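In terms of our numbering, the sequence shown opens at residue 5 and continues consecutively.
Below you'll find the structure, written out as C-alpha cells, and then a few comments.
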Amino acid sequence: YIHAEDTRCPFQSCSNTYGTQGCTINCESKQFPLMDPIIEKRIWKLRLNNLENIPKNAFQFLEITNLEIECQNLKFIDDEAFANINKLDRLHLSNIRDISLILNKNKLQFLYKITTTLSIFNSSLNENNVLSLLDQIKTWTKLEKLELNGNLFKNFIYDFNSFQNLKTLSLSDNSIETLDIKSQMLTELNINKNQIIKLDKEMFKNLPKLERLNLESNNISKVFNDSFLLANNLISINLNRNFINYIEPNSFCE
C-alpha cells in the first residue's frame, strides 16, 4: 500500500511516495533539498535530476537502496558529500558533464564497504580518466557490478584481479575496438553496441569464470573455432546484430 507525498520521508520539498521498502523520492531542484527531520531512513529510490551542488553529509544516516544522480549541470560536490551514509546498495551517475567532480579527491571512498553496484553512464569517461576511477574503487569489498555504458572508450585494457567480488562488467554503447580484460571472478561481460571487428582467441583467455557474454551490435563478420576456445565456462553468447558471414565448424563446441 502506497501513500502519496508522505510526511515520513526526508527531502519534503521533493515529490515522494512511501511503500513497504521505504521512500521513493524524486527531486527536480537545482539546489540540494533540505533533508528535514528524519522519520523514515529507508529509501528505496532517491532520484536527483537537476542538481548543481551536493553538500557535505548530503545523505547522512540514510539507508538507500538506489541513488540516481542525473545532473549535467553539476558544478560542486563536497569532498565529504557521501560521508556517514548508513547504506547505499546501488549508485547510478549519468550525464555528468564534468566527471572530474566525482573522480577528484576520491569522493566515493566512503562507499567502499557498502556499495554493490556502481553505474556511470554518458559521462565522458575515457581510457585515461577511467584509470583514476578504477584505482579508487578496486578496494571496494562489496562491489559486484560495474557499468560504464555510453562513454568514450575505444580501447579498454585493465586488470580487474584486485576487485575481489566483481561479477558483472558492462561496457555497452561505447566505441570499443580492442579489449583486454583480466579477472578471475568475472562471470558476465556486456560489450554490446561497440566497434569490435575481430574475435581473437586471446580476448577472453584471462576470464576463466566467464559464463555470459554479450557481443550484440558490433562489427563482427567471422567466428573461428578458436574464438571462444579459452573461455571454458561460457553458457551464453549473444552475437545478434553483427555482420557475420562465416562461422567455422566447431566454433561453439568441441
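We put the beta carbon where it would ideally sit given N, CA and C, even for glycine.
A quick note: this is a predicted structure, and the numbers were derived from the prediction, not measured.
Original post:
Is the beta carbon of residue 214 sitting closer than 8 Å to the one on residue 196?
Top reply: On the sequence shown, residue 214 is found 210 positions in, with the first residue counted as 1. On the sequence shown, residue 196 is found 192 positions in, with the first residue counted as 1. Result no, Cβ atoms of residue 214 and residue 196 do not sit closer than 8 Å.
Original post:
Are residue 171 and residue 189 close, meaning C-beta to C-beta below 8 Å?
Top reply: Residue 171 sits at position 167 when you count from the first residue of the sequence shown. Residue 189 sits at position 185 when you count from the first residue of the sequence shown. Contact flag set, yes.
Original post:
How would you label residue 263, buried or exposed, when you count the other beta carbons within 10 angstroms and need 16 or more for buried?
Top reply: Examination of residue 263 is not possible in this model, given that the chain is present from 5 through 258 alone.
**OP:** Quickly, what does DSSP pair residue 227 with across the bridge? List them, please.
**Re:** Residue 227 sits at position 223 when you count from the first residue of the sequence shown. BP columns for residue 227 point to 251.
Subject >> Helix, strand or coil at residue 124 [DSSP, three-state] >> reply: Locating residue 124 in the sequence shown gives position 120, where the first residue counts as 1. Residue 124: strand per DSSP, three-state reduction.
**OP:** State the Cα-Cα distance for the pair residue 6 and residue 24, rounded to the nearest angstrom.
**Re:** As a first step, residue 6 must be located in the sequence shown, where it is residue number 2. As a first step, residue 24 must be located in the sequence shown, where it is residue number 20. In this predicted model, residue 6 has a pLDDT of only 46, less than 50, meaning its place in the structure is not dependable; the value taken from the coordinates is given anyway. Whole-angstrom Cα-Cα distance: 8 Å.
Subject >> Given residue 176 as reference, the closest of 106, 206, 167, 158 once Cα atoms are compared >> reply: Start at 1 with the first residue of the sequence shown, and residue 176 comes out as number 172. 158 is the residue among 106, 206, 167, 158 whose C-alpha sits nearest the C-alpha of residue 176.
**OP:** Name the residue from 255, 34, 129, 223 whose alpha carbon lies nearest to the alpha carbon of residue 276.
**Re:** Any property of residue 276 remains undetermined from this structure, which presents the chain solely from 5 to 258.
Original post:
DSSP state of residue 137, grouped into three classes?
Top reply: The residue labelled residue 137 in the question sits at position 133 within the sequence shown. Helix at residue 137.
Original post:
For residue 5, which of helix, strand or coil comes out of DSSP?
Top reply: If you number the sequence shown from 1, residue 5 lands on position 1. Unreliable positioning characterises residue 5 in this predicted model, as indicated by a pLDDT of 40, which lies under 50. A coordinate reading is not provided.
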